[in-house]
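*Asks:* For the sequence shown, the residue numbers in the working numbering are 5 to 293.
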Amino acid sequence: MTWLAVAFAVLAALSNASAMVLQRAAARDVPHRDAFSLRLMRDLLRDRVWLGGMAAVLGAALFQALALAMGSLALVQPIFVIELPFVLLIACAAFRRRLPPSGWWGIGSVTVGIALALGAASPSGGRDHAPMVLWLPTLVAAGGATAGCVLTALRFGRGRARAALFGTAAAIGYALTAALLKSATATAGHGVVAFLTCWQTYGFAGVGVCSLFLLSNAVESGPLLASQPALTLGDAVISLVLGLMLYREDVRTGWWLLPASVGAALVVVGVVILPRVESQALGPRPTGR
Numbered sequence: 005m006t007w008l009a010v011a012f013a014v015l016a017a018l019s020n021a022s023a024m025v026l027q028r029a030a031a032r033d034v035p036h037r038d039a040f041s042l043r044l045m046r047d048l049l050r051d052r053v054w055l056g057g058m059a060a061v062l063g064a065a066l067f068q069a070l071a072l073a074m075g076s077l078a079l080v081q082p083i084f085v086i087e088l089p090f091v092l093l094i095a096c097a098a099f100r101r102r103l104p105p106s107g108w109w110g111i112g113s114v115t116v117g118i119a120l121a122l123g124a125a126s127p128s129g130g131r132d133h134a135p136m137v138l139w140l141p142t143l144v145a146a147g148g149a150t151a152g153c154v155l156t157a158l159r160f161g162r163g164r165a166r167a168a169l170f171g172t173a174a175a176i177g178y179a180l181t182a183a184l185l186k187s188a189t190a191t192a193g194h195g196v197v198a199f200l201t202c203w204q205t206y207g208f209a210g211v212g213v214c215s216l217f218l219l220s221n222a223v224e225s226g227p228l229l230a231s232q233p234a235l236t237l238g239d240a241v242i243s244l245v246l247g248l249m250l251y252r253e254d255v256r257t258g259w260w261l262l263p264a265s266v267g268a269a270l271v272v273v274g275v276v277i278l279p280r281v282e283s284q285a286l287g288p289r290p291t292g293r
């Protein structure tokens, strides 16, 4: 079932990348005065491009649920780092821009890196549910960290610091959403009633909506090269920690840590390169020759 989990995770990353491109296109037309307000969501809900992105988000959620039902949290969520290469490829195709050589190097770095890291770590095992004694401190810690990022972000004007902080807050939210979703999908195996009466079902829905709001503000607040690394790497790392702590999942250690570390380093390099490449490749076209 592991290969199916990987396949569904890749499809989820592709759907999320499509959503990101559509949401970024919609966010460009949002007035800056509407940042971090309900007016932001009001403006976006009137935009058909943003609604198309929301449809892609729903598709990604379905694929993610299937992936988490078949694989461990520590395996599925780190695969989402390939969302960034997908974003760049889709955006270049949509806006008819040419991807520079450095972009291909970044894509190769992320792809090879995540394959090497997960192949070496080989996340597996774990349980389908976590006890409340572990959920309570996890929710408190995640909520406190998110609130800290948001409150600090609001002290800055539009720019890299604000975008990075909102991106980090969104990363915490998305990792927590995945952890709750994994438990909810396991409950769904006992029937619709069990799924609808499971607190994690409403937990992942609520946290997911809040995470989407934080992501929208991260995109609106500054350049992708500030928010995307925080979002991408943060989601992967926090999800790995939650998988190990909440669900008691296993990863290989010993000498396997060496190739896993090399893979992780390649991912970091690629995640740092690609937003800069996108900023250059997809920046405003010159108005004259």
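Ideal Cβ placement from N, Cα and C applies to all residues, glycine included. Since the structure is predicted, the reported quantities are computational estimates derived from the model, not experimental observations.
1. What number of angstroms, rounded off, separates the C-alpha of residue 20 from the C-alpha of residue 131?
2. Can you tell me which of the three DSSP states residue 293 falls into?
3. I need the boundaries of the alpha helix (DSSP H) containing residue 120, first residue and last residue.
4. Give me the Cβ distance between residue 142 and residue 176, rounded to the nearest whole Å; I'm assuming they're in contact under 8 angstroms.
5. In chain order, which alpha helix (DSSP H) runs of at least 4 residues are fully inside the region 205 to 293?
6. If we ignore side chains and look at the alpha-carbon of each, how far apart do residue 40 and residue 184 end up?
7. Assign residue 76 to one of three DSSP states: helix, strand, or coil.
8. Return the Cβ separation of residue 166 and residue 226 in integer angstroms, given the expectation that the two are a contact with Cβ distance under 8 angstroms.
9. Taking the alpha carbon of residue 260 as the point to measure from, which residue in 115, 81, 120 has its own alpha carbon closest?
10. So residue 70 and residue 12 are in contact, right, with Cβ under 8 angstroms, and what is the actual spacing, rounded?
11. Please check the pair residue 188 and residue 81, which I expect to be a contact at CB under 8 angstroms, by giving their CB distance rounded to whole angstroms.
12. For residue 254, which residues from the same chain have a beta carbon less than 6 angstroms from its beta carbon, with the 5 sequence-adjacent residues on both sides left out?
13. Given a threshold of 16 other Cβ atoms within 10 Å of its Cβ, counted over all protein chains shown, does residue 292 qualify as buried or as exposed?
14. Cα separation between residue 4 and residue 18?
15. So is residue 274 buried or exposed if we call it buried at 16+ other beta carbons inside 10 Å?
16. Taking residue 219 as the reference, give the member of 90, 248, 58 with the closest Cα.
17. Considering only DSSP beta bridges, list what residue 128 is partnered with.
18. The alpha helix (DSSP H) that contains residue 163, what's its start and end?
19. Buried or exposed: which applies to residue 271, given that a residue is buried once 16 or more other Cβ atoms fall within 10 Å of its Cβ?
20. According to DSSP, is residue 134 helix, strand or coil?
21. Closest to residue 169 by CA distance: which of 102, 135, 139, 224 is it?
22. I'd like to know whether the C-beta atoms of residue 126 and residue 252 end up nearer to each other than 8 angstroms.
23. Whole alpha helix (DSSP H) runs in the region 58 to 102 with 4 or more residues, listed along the chain?
24. Round the Cβ separation of residue 133 and residue 190 to the nearest angstrom and send it over; I've been treating them as touching at under 8 angstroms.
25. Measuring CB to CB, does residue 24 end up less than 8 angstroms from residue 138?
26. Let me confirm a value: residue 206 is counted as buried when at least 16 other C-beta atoms fall within 10 Å, else exposed. Which label applies?
27. Buried or exposed for residue 6, please, with buried defined as at least 16 other CB atoms from any protein chain shown within 10 angstroms of its CB.
*Replies:* The answer reads as follows:
1. If you number the sequence shown from 1, residue 20 lands on position 16. If you number the sequence shown from 1, residue 131 lands on position 127. The C-alpha of residue 20 lies about 27 angstroms from the C-alpha of residue 131.
2. Numbered from its first residue, the sequence shown carries residue 293 at position 289. Low per-residue confidence applies at residue 293: pLDDT is 34, beneath 50, and the placement is therefore not dependable enough to give any value.
3. Position 116 of the sequence shown, counted from the first residue, corresponds to residue 120. Counting along the chain, the alpha helix (DSSP H) containing residue 120 begins and ends at 105 to 125.
4. Mapped onto the sequence shown, residue 142 falls at position 138. Mapped onto the sequence shown, residue 176 falls at position 172. Actually they are not in contact, since the Cβ atoms of residue 142 and residue 176 sit about 11 angstroms apart, beyond 8 angstroms.
5. With a minimum length of 4 residues, the continuous alpha helix (DSSP H) runs that stay inside the region 205 to 293 are 228 to 250, 261 to 285.
6. Against the sequence shown, residue 40 aligns to sequence position 36. Against the sequence shown, residue 184 aligns to sequence position 180. For residue 40, the predicted model reports a pLDDT of 48, less than 50, meaning its position is unreliable and no value from the coordinates is stated.
7. As a position in the sequence shown, residue 76 is number 72, starting the count at 1. Note: residue 76 maps to coil in three-state DSSP.
8. Position 162 of the sequence shown, counted from the start, is the residue given in the question as residue 166. Position 222 of the sequence shown, counted from the start, is the residue given in the question as residue 226. A Cβ-Cβ separation of about 6 angstroms places residue 166 in contact with residue 226 under the 8 angstroms criterion.
9. For this step, residue 260 is matched to residue 256 along the sequence shown. With distances taken between Cα atoms, residue 260 lies closest to 120.
10. Position 66 of the sequence shown holds residue 70. Position 8 of the sequence shown holds residue 12. Right, their Cβ atoms sit about 4 angstroms apart.
11. Counted from its first residue, the sequence shown places residue 188 at position 184. Counted from its first residue, the sequence shown places residue 81 at position 77. In fact, because the Cβ distance is near 15 angstroms, the residues do not count as touching under 8 angstroms.
12. The residue you call residue 254 lines up with position 250 of the sequence shown. Taken in chain order, the residues that qualify are 128, 129.
13. Start at 1 with the first residue of the sequence shown, and residue 292 comes out as number 288. The pLDDT assigned to residue 292 is 37, lower than 50, so where the model puts this residue is not dependable, and the model offers no usable value.
14. An answer regarding residue 4 cannot be provided, because it is not within the stretch 5 to 293 covered by the chain.
15. The residue you call residue 274 lines up with position 270 of the sequence shown. With 16 or more Cβ atoms within 10 Å of its Cβ, residue 274 is classed as buried.
16. Translated into positions along the sequence shown, residue 219 becomes position 215. Ranking the options by Cα distance to residue 219, first place goes to 58.
17. Sequence index remark: in the sequence shown, residue 128 carries index 124 (1-based). DSSP output for residue 128 lists 254 as bridge partner(s).
18. Against the sequence shown, residue 163 aligns to sequence position 159. Neither: residue 163 is in no alpha helix (DSSP H) and is coded neither H nor E.
19. Numbered from its first residue, the sequence shown carries residue 271 at position 267. Answer is buried; the Cβ neighbour count reaches 16.
20. By one-based count along the sequence shown, residue 134 stands at place 130. In the structure shown, residue 134 falls within a coil segment according to DSSP collapsed to helix, strand and coil.
21. Counted from its first residue, the sequence shown places residue 169 at position 165. Here the closest residue by C-alpha is 224.
22. Within the sequence shown, residue 126 is the residue found at index 122, counting from 1. Within the sequence shown, residue 252 is the residue found at index 248, counting from 1. It is not a contact, given that the beta carbons lie outside the stated cut-off.
23. Taken in chain order, the whole alpha helix (DSSP H) runs of length 4 or more contained in the region 58 to 102 are 77 to 80, 87 to 99.
24. Your numbering for residue 133 matches position 129 in the sequence shown. Your numbering for residue 190 matches position 186 in the sequence shown. In this structure, residue 133 and residue 190 form a Cβ contact; the two beta carbons are roughly 6 angstroms apart against a cut-off of 8 angstroms.
25. Locating residue 24 in the sequence shown gives position 20, where the first residue counts as 1. Locating residue 138 in the sequence shown gives position 134, where the first residue counts as 1. With respect to the 8 angstroms criterion, residue 24 and residue 138 are not classified as neighbours on the basis of their beta carbons.
26. Sequence index remark: in the sequence shown, residue 206 carries index 202 (1-based). Per the 10 Å Cβ criterion, exposed.
27. If you number the sequence shown from 1, residue 6 lands on position 2. Exposed, by the Cβ-count rule.
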